[in-house]
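These notes concern the structure reproduced below.
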Amino acid sequence: MTGLRILAEARWPGTGLTGPDRLPPVPGFAASTFNPLVAETAERCLRARHGSAPAPGRTALLLASAGGDRAIARAIDEAAASGRRVPPLLFFQSNPNAVLGHIAARWGLTGPVVAISPAGARPGSVPQDALDHAALLLADGDADHVLVIAAEQADPPGAADATGAGTDRAVAVLVTSA
Amino acid sequence: MTGHAPPAVRPVITGIGVLSAAGTGLDALAEAAAHGKAAFGPVTRFDVSARRTTRAALLPEPVPLADAVLAAVDQACRQARLPAAGNPGLPVLLALHSDLRTRAVTDAVAAGATAAWGTAGVTRVYTGACVAAGTAVADAAALVAAGRHPRVLVAAGHLVEPGVFAAFDAGRALARDGELRPFSAGRTGTLLGDAAAAVLVEAEPDAGRRGAPVLARLAGWGRAGDAHHVCRPEPDGAGAVRAVGAALARAGLAPAEIGYVNANGTGSPLADRAEASALRRVFGRHAERLPVSSSKAVHGHALEASALLELAVTVAALRDGRLPVNAGWLGPDPDVGLDLVLDGPRTARPRYALTLNSAFGGANTALLVAAR
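Chains as they are written, first to last, in the working numbering: chain G, 13 to 190; chain A, 691 to 1062.
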């Protein structure tokens, strides 16, 4: 990871025996595991570094997801096609920034808020595109730290099987300039 | 490095492409903006009979999203006199909505740009809502200013479609009266708009060596968060203040040197008030005579493409000496307190202009444009 120093790392599912085995719900977010996946992985990473909120300095949030929130995207498309009224909670979940606002508000993160969709991202690993972008934000001076969250929802959502192949996976790394 | 010093290499804009409800090309959009000619009409592309709001700003002729983006790319690259089929190292930054079609649209844009302009595909896809394209432009400027690339192509597209329209309608984000009235008393929300846009950002020396036309200079840029809420802006616009501050510092300018602001101005009661507060905090007494308008009043809210479309409008305003009109005005909101451009064409020759964008998650971007 040229030019970056990792300050903390966290994963979902976790590798230890501590912590919940189900994603904790996020108030106001419904109908998809994507936002709880992002929020919990970010929370674990920030806690590992800072213990408790707020985080010092300017921290950017960078969400990288090739698939995005497919459960919400499908729910919106299906509701619109049926002619039914779309549940209002889907409004702010229709873009990936909303959950980043939840994390930023909780931890006092005042850096840039960015979402990207790297092609061919491997679930459970941080795409090179996201690391390159984090390095650019740091070098350009708008942030002191970048919390990179790489999250991929099982497809179809909720299709976890016995091998774990269909599991929602995310990894978060808090980085700064080397 | 954590500062915002002016860069050694100055990024300039050498090509702009636009498709909007005002028509094809930047000139059509600039003309509509200068006269405050709003492009909203009834949505006929899909059934809106069950929605509270039934209006949007649509392209005159329906075009698939990837084709619209590629048409804008073609305009920008031709204007910049880029050699066709010879740009394998040219990064392409693309801003799109995140949905089930994002990958397919990206692949189609990548294939088209490779075929027409010899690029190596799409380098990065930005999906961060209404600052997606603003972030992409800031990143392009940073890459050029740091000497990482001689030029970067930024493209974006948003077409009004049933899902997002229904979601925004359900969230009561759309104007109940079918008009987008930024900063006005009685504003009731935003209206969506179709747009595709592309901008070539280039290092000034490289543009000079190629003999490319310099349309404007990207003098500064900034990105910052509110740290406040999932979808509501911080009431005093704290993140926007920081983003503008970063843009001013990179440009090496004082607030009083800014001569026009193309505001985010979505027509949302809360967001417009927060943005007005941010502008008053940044500009102080200068805000009393600083012309401000939101060109969304003319072309609508193009979501992920909005910042690129509004950058194009801002460059045209500096080029033509005509400021976009803040259309849809009903009367003053005492909480706003800005010098709005209310009728046009308003002639002015500012040297520097800002274009601002804000999004869910408390994201903010500021782009500072210098006349050539």
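Where is the CB? At the ideal position from N, CA and C, for every residue including glycine.
A:Arg-979 and A:Ile-948 have their C-alpha atoms spaced approximately 11 Å apart. Residue burial annotation: A:Pro-754 is exposed, with fewer than 16 other C-beta atoms found within 10 angstroms of its C-beta. Burial of A:Ala-831 is indicated by the presence of at least 16 other C-beta atoms within 10 angstroms of its C-beta.
By the CB criterion at 8 Å, G:Ala-110 and A:Cys-921 fall inside the cutoff. In the displayed model, G:Ser-106 falls within coil according to three-state DSSP, outside both helix and strand. Between the alpha carbons of A:Asp-1029 and G:Ala-151 lies a gap of roughly 36 Å. Pairing A:Thr-743 with A:Leu-864 gives a Cβ-Cβ distance under 8 Å. A straight line joining the alpha-carbon of A:Gly-883 with that of G:Val-138 spans about 34 Å.
At a beta-carbon threshold of 8 Å, the residues of chain G lying near A:Gly-929 are Thr-122, ordered along the chain. Going by DSSP, A:Trp-1019 is part of no alpha helix (DSSP H) at all; its letter is neither H nor E. Closer than 8 Å to the CB of G:Pro-99 there is at least one CB belonging to chain A.
With 16 or more other CB atoms across the displayed protein chains lying within 10 angstroms of its CB, A:Glu-892 is buried. Inter-residue distance for A:Ser-985 and G:Ala-22 is about 43 Å (C-alpha atoms, whole angstroms). The beta carbon of G:Val-50 lies closer than 6 Å to those of Val-111, Ile-161, Ala-163 in the same chain, with the five residues before and after it left out. The beta carbon of G:Arg-181 sits closer than 6 Å to those of Pro-135, Gly-136, Glu-164, all from its chain and outside the five residues before and after it, given in chain order. Classified as exposed, A:Glu-751 has fewer than 16 neighbouring CB atoms from the shown chains inside 10 Å of its CB.
The beta-carbon distance between A:Leu-1057 and A:Ala-961, rounded to whole angstroms, is 18 Å. This is too long to meet the 8 Å contact definition.
Take A:Leu-749, set aside five residues on each side of it, and the residues of its chain with a beta-carbon closer than 8 Å to its own are Leu-709, Ser-710, Ala-711, Ala-758, Leu-849, Asp-884, in chain order. A:Ala-756 places its beta carbon less than 8 Å from that of A:Gly-802.
By the criterion of at least three beta-carbon pairs nearer than 8 Å, the region 986-996 of chain A is in contact with the region 841-856 of chain A. By the Cβ-count criterion, G:Glu-52 is buried, with 16 or more other Cβ atoms from all chains shown falling within 10 Å of its own Cβ.
Residues Gly-707 of the same chain have their beta carbon placed closer than 6 Å to that of A:Gln-765, with the five preceding and five following residues left out of the count. In the structure shown, A:Ser-984 adopts coil according to DSSP, grouped into three states.
Classified as exposed, G:Glu-90 has fewer than 16 neighbouring CB atoms from the shown chains inside 10 Å of its CB.
Selection G:Pro-99, G:Ala-42, G:Ala-67 evaluated against A:Phe-855 yields G:Pro-99 as nearest (Cα-Cα). Selection A:Val-934, A:Val-702, A:Leu-969 evaluated against G:Pro-124 yields A:Val-934 as nearest (Cα-Cα).
When secondary structure is reduced to three states using DSSP, A:Ala-968 falls in the helix class. Between the region 1006-1020 of chain A and the region 766-775 of chain A, the count of C-beta pairs closer than 8 Å stays below three; the two stretches do not touch.
A:Asn-954: not part of any alpha helix (DSSP H); DSSP gives it neither H nor E. From the listed residues G:Ala-190, G:Leu-35, G:Thr-71, G:Phe-41, the smallest Cα separation to G:Thr-122 is found for G:Thr-71. Listed along chain G are Arg-82, Ala-85, Arg-86, Asp-89, each with a C-beta nearer than 8 Å to that of A:Leu-790.
In this structure, the CA atom of A:Ala-747 is about 15 Å from the CA atom of A:Ala-720. Within the model, the alpha-carbon separation for A:Phe-736 versus A:Leu-784 is close to 26 Å. When DSSP states are grouped into helix, strand and coil, A:Val-920 belongs to the coil group. A:Ala-860 sits away from G:Gly-95, with the two beta carbons spaced by 8 Å or more. Close to chain G, meaning a Cβ-Cβ distance shorter than 9 Å, are the following residues of the region 840-863 of chain A: Glu-851, Pro-852, Gly-853, Val-854, Phe-855, Ala-856, Ala-857, Phe-858, Asp-859, Ala-860, Gly-861, Arg-862, Ala-863.
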